[in-house]
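Undergrad: Taken in sequence, the protein lines are chains A and B. For the record, in the first sequence the residue sitting at position 112 is 113 according to the working numbering, with numbers rising by one throughout. For the record, in the second sequence the residue sitting at position 56 is 834 according to the working numbering, with numbers rising by one throughout. For each residue, glycine too, the CB sits at the ideal point set by N, CA and C.
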Amino acid sequence: MDFSFSKFIDYIVNNWQYVLEKSADHMSMSLTAVAFSCLIGIPLGVIITRNKKVSDVILGIANVIQTVPSLALFAFMISIFGIGRTNAIFALFLYALLPIIKNTYIGIKNVEPAITQAATGMGMTKFQILYKVEMPLSVAVIMGGIRIATVTGIGVATIATLIGAGGLGDVIYQGIGMANLQMILTGAIASAVLALFADFVLGKVEKKLTSKGLTTN
Amino acid sequence: MIEIKGVVKNYDGVTNVVDNLNLTINDGEIVVLIGESGCGKTTTMKMINRLIEPTSGAIEIDGKDIKQFEKIELRRNIGYVIQQIGLFPHLTIGQNIALIPKLVKKDAKETLARVKELMEMIDLSYDDYAERYPGELSGGQQQRIGVARALANDPDVILMDEPFSALDPITREQLQNELLKLQDELHKTIVFVTHDIDEAFKIGDKVALMKDGAIIQYDTPEGMLKNPLNDFVENFIGQDRLWKTPDMLKASDVMEKNVVTIGANRSIVNAIGIMRDRQTKVLVVVKNTPEPKTEILGLVGSNRLRGVENGDLKMKDIMKTDFRSTHKDDCLATVLTMRKENNLRYTPVLDDNGSLIGIITDISVLNVITDVMPVSEDY
Ligand SMILES: Nc1ncnc2c1ncn2[C@@H]1O[C@H](COP(=O)(O)OP(=O)(O)OP(=O)(O)O)[C@@H](O)[C@H]1O
Ligand SMILES: [Mg+2]
């Protein structure tokens, strides 16, 4: 394979619309998966803080999913559900689940017992303690989980092309097939830029959600 | 009134952490629970706001079993202050104090006024501190906020579990004084847990000394100091305790009970005889009436008899009339100051009826001090 910087630029100039389209596709696929992971993972993370046995089981399962190589997971998905975008999103969703559950769990577990004890003693209900005390105090940790899930999700999503789900994986694998280094590189860099961008935005969100009282010291 | 009736708490079916505890806490009183680590103070306290449920027995507030209250409702009407302070670090000081009033949907204006009032009470200006976060405050300031937060919903009962023990001694003393000042105005019913016997005697209207989940003695600080029930109590409060809290010493603790009176018209020879007989150096001169409520006319010390030539002189002629007497409950420090300022050696002590019950002399004051001196060393 031969590569030169000018060819790379040429490729982008000539194909930017295509790359953009694939990037949008890629992003929507990853973000949908992470969004579902949050929807399921955060409540699950909260629930397991209340019960040691359940937490062992859930964290165990999530750990196992995480250790399955992403390629194998996708292969597995095809064999069960067949090909397509929904399946890819489902696989990405499973993948993003662990960091979100785990960080939610850790974040809430790490709230100082004295604080929750004071809250209980003052007459706050369990639910009030959760959303007025525990969640605000663990925002940084939970957001950390979401950021990890998002960044890895965007990376892993490049494999989704293998089950016909599109995204930047299309660009990369076509490049591999055609031994076109410019294409491979464009796909890879685009995916990295998306990940960095998402992380940056989520960082801003995290800052917005974190009380000033938690950052001043 | 809080009544703890035969309460038992048992976690493992073997040891009673709280063992058939009975305690009545009157309205407007500060009751201090004290005792060694692990004796069940915190457990007892937490059963009052149902953070812990008793294994058996009952706790009543104003005659109503607390099990009949909704837990959340009960707790919102009981202030709670803990050693670790437990302020919410993500909320401002103002938000911390206003939390419960907001949860019970008190009017916003009223709540704001309440927060301002409370912050004024604890000497932290609303304008300077309401917008700050707990992390920006000193430990002492934080615990002041802890106390203010406990008062926010205007509860009648406040539970304080070693609220000041994490603070340095100077700050602790300040907060103790502030608490007493607040209590003068508010008259809350306060249950206060501490390890520190000085703090207990300073803060408590009554002190409950606990051991192995039961109360050994429940008394006023004075009562406990002067009449410790047994050796355990005595050892716990320390034998020289009375002297360390001199404001607890009253005139009646210091006086010589052997006080001898003499009629105003008796002669010097009579006086010398009586002094010899009764082994005293001072006589209290009274009107010649045998009733108990004798009017004291003056004092005659042995030096006044010395070198008197005229044998016809009566007590009323030579007695010291510019003496001062004191009430039996007057504080020793006050009496000593009075004696010093007026250059008095003898101070008659009167009871509530005005009857003479004793006399304070230099010797009797010295005797109190020697009581607390080590006796073993030889000079
Ligand atoms: N959840 C629990 N399970 C079993 N035992 C407990 C539990 N909580 C407390 N205990 C025991 O009950 C006893 C009393 O505890 P408590 O916290 O009331 O003591 P305390 O008097 O407040 O002590 P300290 O002065 O150290 O705070 C201790 O021996 C403790 O080990
Ligand atoms: Mg305790």
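With three or more beta-carbon pairs closer than 8 angstroms as the criterion, would you say the stretch 94-103 of chain A touches the stretch 118-134 of chain A?
TA: They do not touch, by the three-pair rule.
Undergrad: Out of A/Gly122, A/Leu45, A/Ile81, A/Gly154, state which residue places its alpha-carbon closest to the alpha-carbon of methionine 28 of chain A.
TA: Comparing Cα-Cα distances from methionine 28 of chain A to each of A/Gly122, A/Leu45, A/Ile81, A/Gly154, the minimum goes to A/Gly154.
Undergrad: Around ligand 1, which residues pass a check of Cβ closer than 5 angstroms to any of its heavy atoms?
TA: Working through the chain, the matches are B/Tyr789, B/Val795, B/Ser815, B/Gly816, B/Cys817, B/Gly818, B/Lys819, B/Thr820, B/Thr821.
Undergrad: With a CB to CB cut of under 6 angstroms and the five nearest residues on each side skipped, what residues in its chain are close to aspartate 843 of chain B?
TA: These residues qualify, in order along the chain: Ala836.
Undergrad: Which one of B/Pro947, B/Asp1129, B/Asn1121, B/Asn1131 has the shortest CA to CA distance from threonine 1139 of chain B?
TA: The shortest C-alpha separation from threonine 1139 of chain B is found at B/Asn1121.
Undergrad: Just to make sure I have the definition right: I need the residues of chain B whose C-beta is within less than 8 angstroms of the C-beta of lysine 213 of chain A. Which are they?
TA: The answer, in chain order, is Tyr911.
Undergrad: Do the CB positions of threonine 1112 of chain B and threonine 1104 of chain B come within less than 9 angstroms of each other?
TA: Contact flag set, yes.
Undergrad: Who are the Cβ neighbours of arginine 1044 of chain B in its own chain at under 6 angstroms, not counting the five residues just before and after it?
TA: Taken in chain order, the residues that qualify are Met1093.
Undergrad: What does the alpha-carbon distance come out to for the pair isoleucine 1137 of chain B and lysine 1004 of chain B?
TA: One C-alpha to the other measures close to 20 angstroms.
Undergrad: For a quick check, are the C-beta atoms of leucine 215 of chain A and histidine 965 of chain B less than 9 angstroms apart?
TA: No, Cβ-Cβ distance for leucine 215 of chain A and histidine 965 of chain B is not below 9 angstroms.
Undergrad: In whole angstroms, what separates the C-alpha of valine 1146 of chain B from that of isoleucine 1052 of chain B?
TA: Answer to the nearest angstrom: the Cα atoms are 26 angstroms apart.
Undergrad: Out of curiosity, what's the CA-to-CA distance linking glycine 188 of chain A and glycine 167 of chain A?
TA: Cα to Cα, the separation comes out at about 12 angstroms.
Undergrad: For the candidate residues B/Leu929, B/Lys824, B/Phe866, B/Gly917, whose alpha-carbon lies nearest to that of lysine 894 of chain B?
TA: The shortest Cα separation from lysine 894 of chain B among B/Leu929, B/Lys824, B/Phe866, B/Gly917 belongs to B/Leu929.
Undergrad: Could you work out which residue in A/Ile160, A/Ile177, A/Val47, A/Pro114 is closest to leucine 74 of chain A when comparing CA atoms only?
TA: Residue A/Ile160 is the option with its Cα nearest to leucine 74 of chain A.
Undergrad: Of all the CB atoms in chain B, is at least one closer than 9 angstroms to the CB of lysine 8 of chain A?
TA: Answer no: the Cβ-Cβ gap between lysine 8 of chain A and chain B never drops below 9 angstroms.
Undergrad: Show which residues of chain A have a CB atom less than 8 angstroms away from the CB atom of threonine 889 of chain B.
TA: Ordered by position in chain A, no residue passes the 8 angstroms Cβ test against threonine 889 of chain B, which lies about 15 angstroms from the chain.
Undergrad: Write down the C-beta distance between leucine 937 of chain B and tyrosine 858 of chain B rounded to the nearest angstrom, noting that I regard them as a contact closer than 8 angstroms.
TA: Correct: roughly 5 angstroms between the Cβ atoms.
Undergrad: Report the option in A/Leu186, A/Gln18, A/Ala120, A/Lys205 whose CA atom is closest to the CA atom of methionine 220 of chain A.
TA: One cannot answer for residue 220 of chain A here, as it falls past the ends of chain A, which runs 2 to 218.
Undergrad: Any idea what DSSP makes of isoleucine 81 of chain A, helix, strand or coil?
TA: In this structure, isoleucine 81 of chain A counts as helix in the three-state DSSP scheme.
Undergrad: Am I right that leucine 1083 of chain B and alanine 1049 of chain B are in contact with their C-beta atoms under 8 angstroms? What's the rounded C-beta distance?
TA: Rounded, the Cβ-Cβ distance is 6 angstroms, consistent with contact.
Undergrad: What residue does the alpha helix (DSSP H) around proline 137 of chain A start on, and which one ends it?
TA: 136-157 is the span of the alpha helix (DSSP H), which, as asked, contains proline 137 of chain A.
Undergrad: From B/Val792, B/Leu799, B/Asp790, B/Gly1132, pick the residue whose C-alpha is nearest to that of glutamate 781 of chain B; which is it?
TA: The shortest Cα separation from glutamate 781 of chain B among B/Val792, B/Leu799, B/Asp790, B/Gly1132 belongs to B/Leu799.
Undergrad: Quick one: grab the DSSP three-state call for cysteine 39 of chain A.
TA: Helix at cysteine 39 of chain A.
Undergrad: State yes or no: is the beta carbon of arginine 922 of chain B nearer than 9 angstroms to at least one beta carbon in chain A?
TA: By this cut-off, arginine 922 of chain B is not an interface position.
Undergrad: Along the beta strand (DSSP E) that carries glycine 729 of chain B, what are the first and last residues, could you check?
TA: Since the first residue shown for chain B is 779 and the last is 1157, residue 729 of chain B is missing from the structure and cannot be characterised.
Undergrad: Can you check whether the C-beta of isoleucine 812 of chain B is within less than 9 angstroms of a C-beta belonging to chain A?
TA: Not an interface residue.
Undergrad: At what residues does the beta strand (DSSP E) containing phenylalanine 970 of chain B begin and finish?
TA: Note, phenylalanine 970 of chain B: beta strand (DSSP E), 967-972.
Undergrad: Unbroken beta strand (DSSP E) runs of length 3 or more, entirely within the stretch 880-962 of chain B: which are they?
TA: Listed in chain order, the complete beta strand (DSSP E) runs (minimum 3 residues) inside the stretch 880-962 of chain B are 935-939.
Undergrad: Cβ of alanine 928 of chain B less than 9 angstroms from any chain A Cβ?
TA: So, interface residue.
Undergrad: At a CB distance below 8 angstroms, what residues from the stretch 91-122 of chain A approach chain B? Give them in sequence order.
TA: Those would be Glu113, Ala115, Ile116, Gln118, Ala119, Ala120, Thr121, Gly122, in chain order.
Undergrad: Just verifying my parser: in three-state terms, what is the DSSP assignment at tyrosine 727 of chain B?
TA: Because chain B spans 779 through 1157 in this model, residue 727 of chain B falls outside it and cannot be assessed.
Undergrad: Evaluate leucine 169 of chain A with the Cβ neighbour count: other Cβ atoms within 10 Å of its Cβ, from every protein chain shown; 16 or more gives buried, anything less gives exposed.
TA: The residue is buried, with at least 16 neighbouring Cβ atoms inside 10 Å.
Undergrad: Can you tell me whether valine 1127 of chain B is buried or exposed? The criterion is at least 16 other CB atoms within 10 Å of its CB, across all chains shown.
TA: Burial call: buried.
Undergrad: From which residue to which residue does the alpha helix (DSSP H) around glycine 122 of chain A run?
TA: Run containing glycine 122 of chain A: 114-123, per the alpha helix (DSSP H) assignment.
Undergrad: How would you list, in chain order, the residues of chain B whose beta-carbon sits under 9 angstroms from the beta-carbon of glycine 124 of chain A?
TA: Those are Asn827, Lys849, Ile850, Glu851, Leu852, Arg853, Arg854, Asn855, Ile856, Tyr858, Ile878, Leu881, Val882, Asn931, listed as they occur along chain B.
Undergrad: Would you say glutamine 175 of chain A faces chain B, with C-beta separation under 9 angstroms as the test?
TA: No, its Cβ sits nowhere closer than 9 angstroms to a Cβ of chain B.
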